[in-house]
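Participant:
Residue numbers (my numbering): 473 to 595.
(1) Quick check on the DSSP output: the alpha helix (DSSP H) that includes residue 579 runs from which residue to which?
(2) Residue 515 by DSSP, collapsed to three states: which one?
(3) For the alpha helix (DSSP H) that contains residue 544, what are its first and last residues?
(4) Quick one: what does DSSP say residue 521 is sitting in, helix, strand or coil?
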């Protein structure tokens with residue numbers, strides 16, 4: 473008994489003509505079909521259009537009245553400031569920007585100096 477599909481061949485024998493490899497065009501078409509199907513599943517679908525919910529008129533009226541009340545309560549915050557206070561605020565903001573830049577540059581200089589010393593470049 474021989475196992476199914478196995479035939480004993482000698483080392484010099486050529487394979488029989490009926491059992492040659494598949495046609496390369498058929499293999500290429502199968503591979504192309506698999507790639508096309510894989511690309512179809514590989515990407516996420518685009519966003520869908522969201523449905524706009526219907527808003528009742530009473531909700532809009534309540535939102536408008538509460539907005540007006542909030543703006544009326546914040547009216548003193550929009551009042552004119554004292555010029556001295558405004559000047560002090562501008563000076564403090566400018567000084568904070570300068571100090572932040574100075575600390576950043578100082579840290580950069582220290583880091584580079586540590587690298588130079590670590591490489592023994594100065595010796």
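Yeah, the Cβ is synthetic: ideal placement off N, Cα and C, and Gly gets one too. No experiment lies behind these values; they were computed from the predicted model shown.
Facilitator: For this structure:
(1) Here the question's residue 579 lines up with position 107 in the chain shown. 555–590 is the extent of the alpha helix (DSSP H) around residue 579.
(2) Working through the chain shown from its first residue, we reach residue 515 at position 43. Residue state, collapsed to three classes: coil.
(3) The sequence position of residue 544 within the chain shown is 72, counting from 1. Here the alpha helix (DSSP H) through residue 544 covers 529–545.
(4) In the chain shown, counting from the first residue as 1, residue 521 sits at position 49. Look at residue 521 here: in three-state DSSP terms it is coil, with no helix or strand label.
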